[in-house]
Structure formats: structure tokens, C-alpha cells
Amino acid sequence: GSFVEFNVNVPVAGNYLCTFNIANGSKNNRQMKIQVNDNADYWIQDFLSTETWTVWNERAIVLPLVAGNNTIRLTSITPEGGPNIDYLRTEWTDEPIAETYVEPEPEPEPEPEPSKTTIYIAGDSTVQTYRASYAPQQGWGYYLGNYFTDNIVVSNQAIAGRSSKSFYDNGRLDTILNTIQKGDYLMVQFAINDSAASNAERYAPVCGNVNNPTEGSYEYYMSKYIDGALEKGATPILVTTVIGLKAYSNGQFVNSYTNYCDACKSLASKYNIPCIDLNTLMVNHYNSIGYDAAYKYHLIGAVEGSTDMTHFTETGANAVAGLVANAVKNLNIPLSSEVK
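Going letter by letter, the sequence shown gives residues 1135 to 1474 in the working numbering.
This is how it looks when you write it as C-alpha cells:
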């Protein structure tokens, strides 16, 4: 296919949020294959329709770059070619790189298990499941199923870099709502990427009004998850966002993303649905084990040269999953009796 190349110079090697400003006036997703420095590994990036060729939207992916010059090549893989690309902006990030493309192996159709209840999870990189090659990095959604009886299945749909807005815009909520059944649960944890004011693809600010939320706000998008689950006869469970090591002040851990956490709790009150205040549970847990132990929960405490104070090691992710499960036990809902 046709391709476009960008030459990018960065001061240090690492993971970079690469943001493309694109216009796609066709109706179709003009996917492109992305390669960095001619490496064999590559990514497939969606470039959904912007409806007209005069409307530009930013689309971002996290890529590994080397210090100095890098070549980023985008090759069209659809008959129509790629979108129009105006610019590429790069900024260093502690987010994990996007999962490289692997030819999907056909999976056997799972047998329907009407006797089992499924917990679907919508969230970001702190929740998502990582392949073994990412070790010791893991998200809390990976371990959640271990805390429940065999009557419960966990479907972890969380993915790095997503906000309540971009997860919805990318069609990932629709994917869940197409399969969720009456009696299932939908856990939702967003805030970290929603707060990225410099990233239009993700930004969903708190508007402070849950009854009539401003279009484009955190409350506006979160309402879509809640309404969608309720319409299917499923129970939404809102989860306030995790804390990182930066949520430490004057010798103790403190709440973070408080405006998002408050909005999350207000939404739960409005709809009279369960809410797990994971932000506060983690503050209390971290203060009980102390900074040094909490340090080992994050990649900075386990990976040589890492500065990542946000994302979890396997130990940290497992501990957070335990906090979530214990909170479910205390919710006094049918799912509570399924916690081991």
C-alpha cells in the first residue's frame, strides 16, 4: 500500500505518545500499519471516519523510540488508502507501548455458560491484562477472577491509554454491550487519561453536574456506560481511580484525581448503583503498609531504570485486585456472596 514516513528526533530512548492529526472523509476505518525504524514488529492503528475531509481529529498510539533519529512509517492496508495526516506530535510517557499486532489465531467458539455470571471491566492501563512479555507489569483486572468462586467469569476489556471518552469513541463499550447478559456486571474505572487536557482524543473534563452533564464531559461519557448496562439488565459498578506513588504528601498517601472520584460517587448516588471507592481504599492500604512496601507495587520499584510511579507490578496489581474484591464483598449485592 501507499505509505507516509515521519522522521522524529527524541533526546532519550523510551515510550512516546505519538499523536497523529488526521482527516478521514470516507465512511470507513482507514487502518494503517505502523512500523518504527524498520523493525519486524508492527502495529495496526484505527483511523475512524471524521465524516468530512475538513474535520481533523487526533489519534494517538504509544510507540518505543530510540535516542536520536527515528523513522515512523505508516502504510495503508485498506483499498481506499490511509487518511490525510496533517502532523505527528511526540511526547515521552510512562504508559506502556501498544500491543504489537499478532496474527489472530481462530479461537474455538466458547460454549455459552448460562450458569455463570460475567464481570466485564472497562478501564485503562492500570486495569488491563498484559502478555507475559510485559512482565513484571500487570493490571488489577488480570487477577480479579482469582478472588471469586467458579460461578464467576471475568472479561477484562480494559486497555492502555483509554479514557471514558476514547474507550466509548473506539467502539469498545459497544463490544461489551453486544455480549453482556441480564444479571452480569460492568465495572468501570476511568480518570487518569480523561484528565489529559493536552490530548483531545482522551480529554473528558469533570463538569460537576450529574443530572444534566455537559456534552463531552466525564459525567456525560460515564452515563453511557451506566445506561448501557442498565438497559441490558446488568449492574454497573463504578470504581474510583487507583492512586500512584505521586499521591504522597507530608509523609502520607493522600487521595488523587479527587474531582473525578467525587463525580464518580455522585453518578453512583444519582443512579443508586454500587460504587467502589478504590482511590480511598488504596490510600488506606498504602498508609498501612508504608511507602517502601507500596514502592514495590509499582514498576519504579521493580524494573532497573524505570521512573514509572503509576503502573503496577504483579504484586501490586494482585493486591489492588484484592482490595476491589473485598469491597465487592461489602456491597451487599448478589455478587458479594461469590467472593471467596
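Beta carbons are placed, not taken as given, at the ideal position from N, Cα and C, and that holds for glycine. Bear in mind the structure is a predicted one, so any value in this text is a computation, not a measurement.
Query raised in the report: Nearest chain D C-beta to leucine 1320 closer than 8 Å, yes or no?
Result: In the structure shown, chain D does not exist; there is a single protein chain.
Query raised in the report: Taking the alpha-carbon positions, what's the asparagine 1345 to glutamine 1323 distance?
Result: The straight-line gap separating the alpha-carbon atoms of asparagine 1345 and glutamine 1323 is approximately 20 Å.
Report task. Determine the closest residue to asparagine 1452 out of Gln1271, Thr1227, Asn1162, Leu1208, with distance taken between C-alpha atoms. Result -> Of the listed residues, the one whose Cα sits closest to asparagine 1452 is Gln1271.
Requested in this report: Please confirm whether tyrosine 1405 and isoleucine 1360 have their CB atoms less than 8 Å apart.
Outcome: In contact: tyrosine 1405 and isoleucine 1360 (Cβ atoms closer than 8 Å).
Query raised in the report: With 16 as the cutoff for other CB atoms within 10 Å, does valine 1146 come out buried or exposed?
Result: Around the beta carbon of valine 1146, fewer than 16 other beta carbons lie within 10 angstroms, which makes this residue exposed.
Query raised in the report: Pairing CB atoms from the region 1362-1369 with CB atoms from the region 1424-1443, are three or more of them under 8 Å?
Result: Not touching, per the Cβ criterion.
Query raised in the report: Helix, strand or coil for leucine 1457 per DSSP?
Result: Here DSSP, grouped into helix, strand and coil, assigns leucine 1457 to helix.
Report task. Jot down the residue ranges of each uninterrupted beta strand (DSSP E) in the region 1142-1185, minimum 3 residues, whole runs only, in chain order. Result -> Counting only runs that start and end inside the region 1142-1185, the beta strand (DSSP E) elements of at least 3 residues fall at 1148-1157, 1166-1170, 1177-1179.
Report task. Could you work out which residue in Lys1358, Val1170, Asp1180 is closest to alanine 1157 when comparing CA atoms only? Result -> It is Asp1180 whose Cα lies nearest to the Cα of alanine 1157.
Query raised in the report: Going by alpha carbons, who is nearest to glutamate 1438 out of Ala1269, Tyr1176, Val1196?
Result: Out of Ala1269, Tyr1176, Val1196, the CA that lies nearest to the CA of glutamate 1438 is found in Ala1269.
Query raised in the report: Quick one: what does DSSP say leucine 1278 is sitting in, helix, strand or coil?
Result: The DSSP-derived three-state label of leucine 1278 is helix.
Requested in this report: Return the first residue and the last residue of the beta strand (DSSP E) that asparagine 1203 is part of.
Outcome: From DSSP, the beta strand (DSSP E) with asparagine 1203 extends over 1202-1210.
Query raised in the report: Going by DSSP, which residues form a beta bridge with valine 1138?
Result: Answer is Leu1208, bridged to valine 1138.
Query - Alpha carbon of alanine 1402 to alpha carbon of methionine 1356, nearest angstrom - result: A straight-line Cα-Cα distance of about 10 Å links alanine 1402 and methionine 1356.
Report task. Please go through the region 1330-1368 and give each complete alpha helix (DSSP H) segment of 4 or more residues, from N-terminal end onward. Result -> With a minimum length of 4 residues, the continuous alpha helix (DSSP H) runs that stay inside the region 1330-1368 are 1352-1365.
Query raised in the report: What is the DSSP secondary structure of lysine 1299, reduced to helix, strand or coil?
Result: Three-state DSSP puts lysine 1299 in a helix.
Query raised in the report: Considering only the beta carbon of each residue, do serine 1259 and histidine 1445 sit closer than 8 Å?
Result: With contacts defined as CB atoms closer than 8 Å, serine 1259 and histidine 1445 qualify as a contacting pair.
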